[in-house]
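In our numbering, the protein residues as written are -3 to 830.
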């Protein structure tokens, strides 16, 4: 009878032993258990040979750059610096920036946390800005950084990247990133708080995976379906991750990662027990969890070996397909004796491993999310008895970058350590009735010669001693015991501070902020705040900065600085009956990074309306300073123009220069014109000087036309002077058109000065640029003949008369200017005091 070739090749060193053992016997069929369970011996051998196993893990600290970055799929909870994919600055002085980081090449479940410069920060619970995402609320970058998470299911390009691309068109509507998990970081640079670009680190939940145990059509219970990714869920179960990898990850039908195995080759009745073992509850949570960035360019064995390292598993490659066997205590499937052996077949039995494979201490590191995914030590697994027996240290380092729980890493290290010290191995041939054994089963061999031991069945091979003989069963065995899989309690990791490290003060202590009344130089009462704190005993502190602002207007910030010897500060320039936040920051020498404190909330004292002048004076001062800056700019520009005029030959005349572009195709055309002109003319003895800049645009398709005009001109002559800016636009549809525009003019006419702004529009509104969700502050709508003012408080310091024709007037409190008469409409009370 011809021999049947082996179905699956053996894995690793065990394969060579099996092959040499059956040589000359005749292999009919073979099922082999991979050597993943003999991790300690394998690592010890590689360490002796100077080889470091390649282990894909769940943490990547190095940011990736360029286009030659391998694709990867994040599974489980992972931490990554990301792939720097796109960066663009825009706005005044390029103080606004967009940075896009790619995290995974497959859709993910969601963002967990973000670290900036090595420290976790708090994001707002929900997106206040759909375009920019969630704002950072804590740390030095609070209010300056926004985080937008893209889970890979996006169907349109990010509008901020398209709208603010620099140069225009660098990011288009076609840049969607289908299937890619990414993070958009939007940041505003601030010379005081973030003058340099920070380092970001992202913790996120990886791919949503298919779990056959939740598929009612595959023998499970639930809505999961392999062909419907919308039914998949996030999972850290190592067997669920491995099953999905073996089936393959695909985007739009393109399988770019995984093995592409048929479901028939992955028997679910074998996979389910292994997955259930990983979900068992322990003191540190589920027994086995996996965090891994699957490398799409790595060998399949590297990815699978890393997954199985997280759960002490091995792969069975048999006639029925492939499935994992997870290390756990299990009952003995069968017992055999020496009488069951084929007497004419060779028996190989080895009591001890080689000295190069033995270890008496296993230690290493595990990823710690609380330490921003730094690798920290887990509990060392060792035995003083074995150390004395070996008479030397046989230390082995096994790191678990694919594990994020210290207790799980310690339990795995204990399994690998104990497995290594159960050293007996054997290769025997049994009668055909033992064909019921499968790789991964435990069997007891009660031998008069070799002892009574329990073994793990690593390989089952169907052989015959000759071409016509019966199909006997050859077993490859490795010693096991249930005590190997005793649980290990999660240790408490203590991270000591470096010896002698100084403790610097982070903020002032016992800080308080109370409302007070101050007397101004004009004798009027005004609101104020008294800020106080304990004396500072940190010799590196030289002063205290104070920041205070109305909580309703966080941009109206006032800053004060006091020396370190001062413990009380009186803060003025505040509104009455208004809530303020007062924050502090230490000034140090030598300088070190010190953030603003959270501060205290305080509501200032209620005063009559005249005190509103304090706030108006402040605004007036700010506006006047802005005006002085503009005057300086226009004076400098005027100086440059005067220099240009002095270099021009004298004489009447005009100069003009135009730049124009135009395109026409069929009934469509587009044109743009920019013109500069300057002239000096003498008409009947009247000299007139004129300079103007004109930009005009037009675009038309059929009877649809749009036009735009921007014109700035200055005219001087005959005692009059006018400076004018005009912006005017028109849209035309057939015979109908609509226009909008504005004209700004200033000058002297007949010796009289004028400065006016004229707007042409059917609707005019003012909106808050800092709050996209707020209603417009001011709206004038000519179509509905309405004026709407959306403000919480409207103050009119002086009003001689008011005539209102209203059907209904709603008010809360009506009060006289001296506060002696108060009519509380809501409460229905009237108070008059003398």
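For each residue, glycine too, the CB sits at the ideal point set by N, CA and C.
Only a predicted model underlies this, so the values are computations on that prediction, with no experimental measurement involved.
DSSP three-state assignment for residue i, whether helix, strand or coil
i	result
residue 193	coil
residue 297	helix
residue 749	strand
residue 452	strand
residue 167	coil
residue 668	strand
residue 162	coil
residue 904	Residue numbering for the chain in the displayed model covers -3 to 830; residue 904 lies beyond these limits and cannot be assessed.
residue 208	helix
residue 431	helix
residue 271	helix
residue 341	coil
residue 785	strand
residue 902	Residue 902 is absent from the structure shown; the chain starts at -3 and stops at 830.
residue 478	helix
residue 416	helix
residue 743	strand
residue 562	coil
residue 838	Only positions -3 to 830 of the chain appear in this structure, which leaves residue 838 out of reach.
Cβ shell of residue i (< 6 Å), same chain only, five flanking positions each side left out
i	result
residue 554	544, 569
residue 484	At residue 484, the pLDDT of 34 sits below 50, so the modelled position is not reliable and the matter cannot be decided from this model.
residue 229	204
residue 137	112, 190
residue 106	201
residue 1	Below a pLDDT of 50, predicted positions are generally treated as unreliable, and residue 1, at 23, falls in that range; the measurement from the model is reported next regardless. Within the same chain, residue 1 has no close Cβ partners at all.
residue 740	721, 753
residue 755	738
residue 493	With a pLDDT of 41 at residue 493, under the threshold of 50, the predicted position of this residue should be treated as unreliable, and no value is reported.
residue 95	83, 181
Start-to-end residues for the beta strand (DSSP E) that takes in residue i
i	result
residue 847	No answer is possible for residue 847: the residues shown for the chain start at -3 and end at 830.
residue 84	79 to 86
residue 284	No beta strand (DSSP E) contains residue 284, which DSSP labels as neither H nor E.
residue 319	317 to 322
residue 423	421 to 426
residue 94	92 to 100
residue 313	309 to 314
residue 557	554 to 559
residue 216	Residue 216 -> no beta strand (DSSP E), and no H or E assigned at all.
residue 468	468 to 475
residue 65	It is not in any beta strand (DSSP E) - residue 65 carries neither H nor E in the DSSP assignment.
residue 570	Here residue 570 belongs to no beta strand (DSSP E), and DSSP marks it neither H nor E.
residue 596	596 to 599
residue 174	Where residue 174 is concerned, there is no enclosing beta strand (DSSP E), given that its DSSP letter is neither H nor E.
residue 825	825 to 828
Strand pairing of residue i, partner residues [DSSP]
i	result
residue 304	According to DSSP, residue 304 bridges with nothing at all.
residue 279	Beta-bridge pairing links residue 279 to no other residue.
residue 332	441
residue 733	728
residue 760	776
residue 544	554, 578
residue 184	92
residue 198	76, 110
residue 447	443
residue 738	723, 755
7 Å Cβ shell around residue i - same chain, five flanking residues per side excluded
i	result
residue 501	532, 534, 537, 582
residue 697	663, 664
residue 108	73, 199, 200, 201
Proximal residues to residue i (C-beta, below 8 Å), its chain only, five neighbours per side dropped
i	result
residue 248	174, 175
residue 490	Reliability of the predicted coordinates at residue 490 is poor, the pLDDT of 37 falling under 50, and no value is obtained from them.
residue 428	466, 467, 468, 469
residue 260	317
Threshold first: 3 residues or longer. Then list the beta strand (DSSP E) segments lying entirely within the stretch 351 to 413, N to C.
List check, beta strand (DSSP E) in window: 357 to 359, 361 to 364, 370 to 373, 391 to 393.
Taking only runs that begin and end inside the stretch 225 to 267, name each unbroken alpha helix (DSSP H) of 4 or more residues, in chain order.
Within the stretch 225 to 267, the complete alpha helix (DSSP H) runs of at least 4 residues are 234 to 243.
Could you tell me which whole beta strand (DSSP E) segments of length 3 or greater appear in the stretch 109 to 159?
If only uninterrupted beta strand (DSSP E) runs of at least 3 residues are considered, those enclosed by the stretch 109 to 159 are 115 to 117, 141 to 146.
I'd like the ranges of any beta strand (DSSP E) spanning at least 3 consecutive residues and lying wholly in the stretch 503 to 531.
Runs of the beta strand (DSSP E) inside the stretch 503 to 531: 508 to 515, 521 to 528.
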